[in-house]
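In the working numbering, the protein residues as written are 1462 to 1902.
What follows is the structure in structure tokens.
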């Protein structure tokens, strides 16, 4: 089922049950009268304007052959070392994730560009596919991530609702920028853990990641070209994130800067013309339409769900979970992890998070910590065999000679790394909260 079909399914099922409830007298028609104001609120939400702008930025950078240039340059730098190409793929995946914020695009792009090269150089299929799939999912957590934009908007409403439930009538706010800052340290640690794992495997099983033969003087050439390749995207990332972090621009204004900067970057690489720009605009419109269709469908679904007092049932169930706050968070994270096998992150963000987040936040949980925990949890779910979305994306572009079980086997070590990252964040919340508190205090 595609995202568009899911959107209509959410709205259609909700309206069907609302109609049944109206006929049987179990549903109040007043709830449906609130639907126009909800849809108008979506249309006038300034934060959500950042979504098409960041999508435009990501697709433009993808068309500018950013990944291809980065991979070629970093491969020539690290390729002479055992496991060096794997390290280059992780770094390119990180930079591409930070530039695009779109998981599917990153996995497909990296699969098409790096997988043939890694296999040609003698990398084991499970190592090559595991690195590519894991690096592609970094778009979930490394800002500016579309996931964090949508999650931040939902958590903002949930946080205010939770404070009102606690009798706080001048509620604090949480923004998308807070989530961006909170995601920086966990994202960098995750990249570091990926690289340490590859270095460990290169010593443990050197035959699985052989070094490449280096052409004379290629390293010197790569060092010179590295600056030309790295500086423009890094400058763009710093401009976007820096303007948000230091309060120079709102999330929407920063997204506009990113979109214009991506066009300038593509133009300097001579990859921007009217045909390319038309294609970028069409893809941006399609993806943005899918996001907002899901949002509208989820709004209808959540409205009917509350009309049937479903939120009260969920709250009653979670209140009965043993272990207090820890037990509730574990149950919710496990449920989201399992839902990630069958639902896209957009559906989980707009349908599940508004139901459970106010309940958890009313217990005093930090909203930024909860947001990053949800993002990494979904990232792990999308990488976990046999249902992970990232694995399906990679399977679609991988050669037929690579068996599906090899892709699954390669992903498992990285799933373990991400579970370890979840444990670190749970035991040491300061990994998420320290930087936002330091900057905004």
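Yeah, the Cβ is synthetic: ideal placement off N, Cα and C, and Gly gets one too.
Being a predicted model, the structure only gives us computed values, none of them experimental.
Just tell me which of 1720, 1826, 1790 has its CA closest to the CA of residue 1894. On the chain shown, residue 1894 is found 433 positions in, with the first residue counted as 1. The residue with the shortest Cα to Cα distance from residue 1894 is 1826.
Among 1823, 1757, 1600, whose alpha-carbon lies nearest the alpha-carbon of residue 1780? What you label residue 1780 is simply residue 319 of the chain shown in a count that begins at 1. Ranking 1823, 1757, 1600 by Cα distance to residue 1780 puts 1823 first.
Based on Cα-Cα distance, which residue from 1881, 1898, 1887, 1891 lies nearest to residue 1651? Residue 1651 sits at position 190 when you count from the first residue of the chain shown. Answer by Cα proximity: 1881.
In angstroms with no decimal places, state the Cα-to-Cα distance between residue 1638 and residue 1861. By 1-based counting over the chain shown, the position of residue 1638 is 177. By 1-based counting over the chain shown, the position of residue 1861 is 400. Answer to the nearest angstrom: the Cα atoms are 42 angstroms apart.
| said: Measuring only the C-alpha atoms, how far is residue 1696 from residue 1690? | reply: Translated into the one-based positions of the chain shown, residue 1696 becomes position 235. Translated into the one-based positions of the chain shown, residue 1690 becomes position 229. The alpha-carbon atoms of residue 1696 and residue 1690 are separated by roughly 11 angstroms.
Can you list, in chain order, the residues of its chain with a C-beta nearer than 6 angstroms to that of residue 1633? Leave out the 5 residues immediately preceding and following it. Indexing the chain shown from 1 puts residue 1633 at position 172. Counting only Cβ-Cβ distances below 6 angstroms, and skipping sequence neighbours, we find nothing.
Original post:
Ordered along the chain, which non-local residues of its own chain (more than five positions away) have a Cβ less than 7 angstroms from that of residue 1623?
Top reply: Counting from 1 along the chain shown, the entry for residue 1623 is found at position 162. Contacts found: 1819, 1822, 1823.
- prompt: Sorted by chain position, which residues of the same chain lie with C-beta nearer than 8 angstroms to residue 1896's C-beta, five sequence neighbours on each side aside?
  reply: For this step, residue 1896 is matched to residue 435 along the chain shown. So the list reads 1642, 1643, 1645, 1646, once near-sequence residues are dropped.
Residue 1664 to residue 1740 span [Cα, whole Å]:
By one-based count along the chain shown, residue 1664 stands at place 203. By one-based count along the chain shown, residue 1740 stands at place 279. The alpha-carbon atoms of residue 1664 and residue 1740 are separated by roughly 45 angstroms.
Would you identify the three-state DSSP class for residue 1511, choosing helix, strand or coil? Position 50 of the chain shown, counted from the first residue, corresponds to residue 1511. Three-state DSSP puts residue 1511 in a helix.
Inset, instruction - Measuring alpha carbon to alpha carbon, tell me which of 1484, 1485, 1492 ends up nearest residue 1761. - result: Taking the chain shown and counting its residues from 1, one reaches residue 1761 at position 300. Cα-wise, what sits closest to residue 1761 is 1492.
According to DSSP, simplified to helix, strand and coil, what is residue 1778?
On the chain shown, residue 1778 is found 317 positions in, with the first residue counted as 1. Helix at residue 1778.
By alpha-carbon positions, which one of 1635, 1477, 1543, 1885 ends up nearest to residue 1609? One-based indexing of the chain shown puts residue 1609 at position 148. Measuring from the Cα of residue 1609, the nearest candidate turns out to be 1635.
* Asked: For residue 1483, which residues from the same chain have a beta carbon less than 7 angstroms from its beta carbon, with the 5 sequence-adjacent residues on both sides left out?
  -> Numbered from 1 along the chain shown, position 22 holds the residue referred to as residue 1483. Closer than 7 angstroms at Cβ, skipping near neighbours: 1490.
Three or more C-beta pairs closer than 8 angstroms, one from the region 1740-1755 and one from the region 1513-1528: is that the case here?
yes
Rounded C-alpha distance that separates residue 1653 from residue 1630
As a position in the chain shown, residue 1653 is number 192, starting the count at 1. As a position in the chain shown, residue 1630 is number 169, starting the count at 1. Each residue's Cα considered, the two are about 42 angstroms apart.
### Message
For the alpha helix (DSSP H) containing residue 1840, name the first residue and the last one.
### Response
Looking up residue 1840 in the chain shown gives position 379. Note, residue 1840: alpha helix (DSSP H), 1828-1842.
Contact under 8 angstroms by Cβ, residue 1853 with residue 1801:
Within the chain shown, numbered from 1, the residue matching residue 1853 stands at position 392. Within the chain shown, numbered from 1, the residue matching residue 1801 stands at position 340. No.
Inset, instruction - Return the CA-CA distance between residue 1755 and residue 1596, expressed in angstroms with no decimal places. - result: On the chain shown, residue 1755 is found 294 positions in, with the first residue counted as 1. On the chain shown, residue 1596 is found 135 positions in, with the first residue counted as 1. Roughly 26 angstroms separates the two Cα atoms.
Legend entry - Collapsed DSSP secondary structure at residue 1808 in the structure displayed: Sequence index remark: in the chain shown, residue 1808 carries index 347 (1-based). Of the three classes helix, strand and coil, the one that applies to residue 1808 here is helix, per DSSP.
Here's the rule: buried if 16 or more other CB atoms are within 10 angstroms of the residue's CB, otherwise exposed. What is residue 1678?
Translated into positions along the chain shown, residue 1678 becomes position 217. Bear in mind that a pLDDT of 49 at residue 1678, under 50, signals an unreliable position, so the number given afterwards is only what the model happens to contain. Exposed: under 16 other Cβ atoms inside 10 Å.
task: For my contact list, residue 1659 and residue 1551 are in at a C-beta cut-off of 8 angstroms; report their separation, rounded to the angstrom.
output: The count along the chain shown starts at 1 and reaches residue 1659 at position 198. The count along the chain shown starts at 1 and reaches residue 1551 at position 90. Rounded, the Cβ-Cβ distance is 7 angstroms, consistent with contact.
Margin query: Assuming residue 1547 and residue 1603 are in contact, meaning their beta carbons sit under 8 angstroms apart, how far apart are those beta carbons, in whole angstroms?
Written below: Here residue 1547 is taken as the residue at index 86 of the chain shown, counted from 1. Here residue 1603 is taken as the residue at index 142 of the chain shown, counted from 1. Contact flag wrong, Cβ pair sits at about 18 angstroms.
(request) Since I believe residue 1868 is in contact with residue 1590 (beta carbons under 8 angstroms), could you give me their beta-carbon distance rounded to a whole number of angstroms? (result) Here residue 1590 is taken as the residue at index 129 of the chain shown, counted from 1. Here residue 1868 is taken as the residue at index 407 of the chain shown, counted from 1. Indeed they touch by this definition, with Cβ atoms about 4 angstroms apart.
Legend entry - As assigned by DSSP and simplified to three states, the class of residue 1751: If you number the chain shown from 1, residue 1751 lands on position 290. Helix at residue 1751.
In terms of residues, what are the limits of the alpha helix (DSSP H) holding residue 1894? Here residue 1894 refers to the residue found at position 433 when the chain shown is read from its first residue. Segment 1891-1901, the alpha helix (DSSP H) holding residue 1894.
Counting C-beta neighbours from all protein chains within 10 Å, is the total for residue 1585 16 or more, i.e. buried, or is it exposed? Numbered from its first residue, the chain shown carries residue 1585 at position 124. Classification for residue 1585: buried.
CA-to-CA distance, residue 1494 to residue 1472, given in whole angstroms: The count along the chain shown starts at 1 and reaches residue 1472 at position 11. The count along the chain shown starts at 1 and reaches residue 1494 at position 33. Distance between the alpha carbons of residue 1472 and residue 1494 is about 15 angstroms.
Given residue 1874, which residues of its chain have a CB within under 7 angstroms of its CB, disregarding the five upstream and five downstream residues? As a working note, residue 1874 is residue 413 in the chain shown. Same-chain partners within the cutoff: 1591, 1658.
| message | Does residue 1605 pass the burial test, meaning 16 or more other C-beta atoms within 10 Å, or should it be called exposed? | response | To locate residue 1605, count along the chain shown from 1; it is residue 144. Per the 10 Å Cβ criterion, buried.
Note to self: For residue 1479, which residues in the same chain have their Cβ closer than 6 angstroms to its Cβ, ignoring the five residues on either side in sequence?
What the structure shows: Position 18 of the chain shown, counting from 1, holds the residue named residue 1479. Result list for residue 1479: 1488, 1765, in chain order.
* Helix, strand or coil for residue 1635, going by three-state DSSP, please let me know. => Translated into positions along the chain shown, residue 1635 becomes position 174. Residue 1635: coil per DSSP, three-state reduction.
Option in 1831, 1777, 1496 with minimal Cα separation from residue 1797
Translated into the one-based positions of the chain shown, residue 1797 becomes position 336. When each option's Cα is compared against that of residue 1797, the closest is 1831.
Check: Taking DSSP as the reference, what is the three-state secondary structure of residue 1739?
Finding: Position 278 of the chain shown holds residue 1739. Residue 1739: helix per DSSP, three-state reduction.
ask   = Going along the chain, which residues of its own chain have a beta-carbon closer than 6 angstroms to the beta-carbon of residue 1648, five neighbours each way excluded?
value = For the purposes of this step, residue 1648 is identified with residue 187 of the chain shown, where counting begins at 1. So the list reads 1602, 1603, once near-sequence residues are dropped.
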